[in-house]
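Below: one structure, written as C-alpha cells.
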C-alpha cells in the first residue's frame, strides 16, 4: 500500500497552517493568563484555587507557552512535523481532562470540557495535515 507521503506533497494547506496558528494563539493566551493570574487560572484549569496550587499553575503556563511556540514554528514548515507535533501534544489536554475528572468529578465538568475541546482541536489539526493543497 502506497503511503500518503509517497502519493503527494508534504506541503501544508492553509487550513492546517492557520489552524496551528489559531491554536498557538489560544495557548499563548492561556499561558499568559496562567502566568499572570494563577488564582483565576487554577479555577479555569479545574484545580483548587488556593495559593498552594500556584506553582503548578505557573508550570502549566510555561508548558502552554512552549507548546504554542512549537506550533507556531511547525505552522511554517511541512505537514509531517506538524502532524506528529499536534498528535503528540493532543495527549496533554486529554491527560489534563482525565486528571481534573478524577480529582473533581462533576464539579470539574466545565474544565474537563475545555480540556476535551483542546484535545479534539489538536487531533483535528493533525488530521488536517493529510489534506492535499489545491493545484491551480
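Numbering (full-length UniProt numbering), first residue to last: 1 to 136.
Where a beta carbon is used, it is the ideal one built from N, C-alpha and C, also for glycine.
These numbers were taken from a predicted model, which means no experiment stands behind them.
Quick check on this structure: which residue in the options has the alpha carbon closest to the alpha carbon of residue i?
{"i": "residue 35", "options": "80, 15, 53, 20", "result": "53"}
{"i": "residue 66", "options": "96, 16, 31", "result": "31"}
{"i": "residue 69", "options": "21, 130, 125, 128", "result": "21"}
{"i": "residue 123", "options": "88, 26, 51, 46", "result": "88"}
{"i": "residue 110", "options": "26, 23, 27, 42", "result": "42"}
{"i": "residue 90", "options": "71, 33, 106, 105", "result": "71"}
{"i": "residue 51", "options": "63, 106, 37", "result": "37"}
Is DSSP giving residue i helix, strand or coil here?
{"i": "residue 78", "result": "strand"}
{"i": "residue 5", "result": "Annotation note: pLDDT 44 at residue 5 (below 50); position unreliable, coordinate value reported separately. Helix."}
To the nearest angstrom, how far is it from the Cα of residue i to the Cα of residue j?
{"i": "residue 11", "j": "residue 61", "result": "31 Å"}
{"i": "residue 131", "j": "residue 49", "result": "42 Å"}
{"i": "residue 44", "j": "residue 59", "result": "15 Å"}
{"i": "residue 99", "j": "residue 113", "result": "12 Å"}
{"i": "residue 39", "j": "residue 29", "result": "16 Å"}
{"i": "residue 47", "j": "residue 75", "result": "31 Å"}
{"i": "residue 125", "j": "residue 108", "result": "26 Å"}
{"i": "residue 3", "j": "residue 103", "result": "Note on residue 3: pLDDT 46, under 50, position unreliable in the model; the coordinate value appears next. Computed Cα separation, rounded: 42 Å."}
{"i": "residue 78", "j": "residue 23", "result": "17 Å"}
{"i": "residue 115", "j": "residue 27", "result": "12 Å"}
Does the CB of residue i have a neighbour CB from chain D at under 7 Å?
{"i": "residue 100", "result": "As a matter of chain content, chain D is missing from the structure shown, which is built from one protein chain."}
May I ask you to list the residues that DSSP assigns as paired with residue i?
{"i": "residue 11", "result": "78"}
For the stretch 119-129 against the stretch 90-102, are there 3 or more C-beta pairs whose distance is under 8 Å?
yes
How do the stretch 76-84 and the stretch 11-21 stand: do at least 3 beta-carbon pairs fall below 8 Å, yes or no?
yes
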